[in-house]
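Add 1046 to the 1-based position in the sequence shown for this note's numbering, that's all there is to it.
Glycine included, every Cβ here is placed at the ideal spot set by N, Cα and C.
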Amino acid sequence: MTSALLPCAIIVARCSSQRLPGKVLRQVHDRPMLRYVVEKVSRCACIGSICVATSDDPSDDPVADYCQENNLACVRGDLHDVAARVLKAAEVMDADCFFRVNGDSPLLGMELLERAWKVFQSAQPDLVSNIHPRTFPPGASVELISRSAMRRAVAAMSDPADREHVTRYFYQHADHFRIENLLSDRDYAGVHLAVDSPADFTLLESVVKRMDRPHWEYSLSQTVDLYLEAAAHG
């Protein structure tokens, strides 16, 4: 299978987080957090291309500059209309389907992407998700979306909240879309892998410090074990 037929990983990243400004470019052991996400998806066999979708707001110029310096495709769009921005990135990359990957999720398990891609190939749905219902922790969210379905959803969105949260419209109108859900066989209650606050960032640093091999070699379950160990030691 050629890479052109594989999904694109669209990494949604911005600097204007209210609780942790500039978080996607914050240094985690001498590397920006965004690099962890890029390193992870670039080693995933089911990813054909990578694109960072950031805003055209001046606050996100550092993200665009980072992409240029590191030869990463970057598409910029409206700061608040994230759904349209993601669709624009899919159009620019000519991706028939794409993973929506959050730039604040450096601990995402790559095996979840592979699992979603297998389901997508066999079922040919509009969306493969592991958050409807959610049985995986925040920061381990996987959504694989067909571009045609994203076009339909964006065209129908009228609520600004739908445009901000990208896939909210799919779940609120699930009878209009073919959605396949991935379920976890482990209880992840209380685990929060997304980096939303200074405390989350400190935990991320502690988790990475405990890794004795490249971070992309850790499964989600192994990463959560390190997370729980780090959280227990404060």
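So, for residue i: in the same chain, excluding its five sequence neighbours on each side, which residues have a beta-carbon less than 7 Å away from its beta-carbon?
i, result
"Ala1207", "Arg1214"
"Trp1163", "Pro1053, Cys1092, Leu1190"
"Ser1252", "Ala1276"
Of the residues the options, which one's Cα is nearest the Cα of residue i?
i, options, result
"Glu1137", "Leu1125, Arg1197, Ala1091", "Arg1197"
"Gly1236", "Ser1252, Val1098, Gly1185, Phe1223", "Gly1185"
"Arg1131", "Pro1183, Val1212, Arg1072, Met1257", "Val1212"
"Leu1249", "Phe1144, Leu1159, Glu1275, Arg1077", "Glu1275"
"Met1257", "Ser1243, Leu1153, Val1098", "Leu1153"
"Val1241", "Val1070, Ala1201, Arg1081", "Val1070"
Applying the 10 Å Cβ sphere with the 16-neighbour rule, what's the burial state of residue i?
i, result
"Asp1106", "buried"
"Arg1060", "buried"
"Glu1189", "buried"
"Asp1246", "buried"
"Arg1065", "exposed"
"Ser1168", "exposed"
"Ser1088", "exposed"
For residue i, which residues of its own chain have a beta-carbon under 6 Å away from its beta-carbon, when the five flanking residues on both sides are left out?
i, result
"Val1165", "Val1174, Glu1226"
Can you round the beta-carbon distance between residue i and residue j to whole angstroms, since I take them to be within the 8 Å contact cut?
i, j, result
"Gly1155", "Leu1266", "3 Å"
"Gly1123", "Asp1102", "6 Å"
"Asp1161", "Ile1056", "Checking the sequence shown, residue 1161 turns out to be Arg, not Asp. Rounded, the Cβ-Cβ distance is 19 Å, inconsistent with contact."
"Leu1239", "Ser1095", "Actually they do not touch by this definition, with Cβ atoms about 25 Å apart."
"Val1254", "Val1074", "6 Å"
For the ligand PLP, any of its heavy atoms closer than 8 Å to the Cβ of residue i?
i, result
"Val1174", "The ligand content of the structure shown is nil, which means the ligand PLP is not present either."
Per the contact definition of three or more C-beta pairs closer than 8 Å, is the segment 1173-1185 in contact with the segment 1110-1124?
For the pair of segments examined, the segment 1110-1124 was found not to touch the segment 1173-1185: the number of CB pairs separated by less than 8 Å stays below three.
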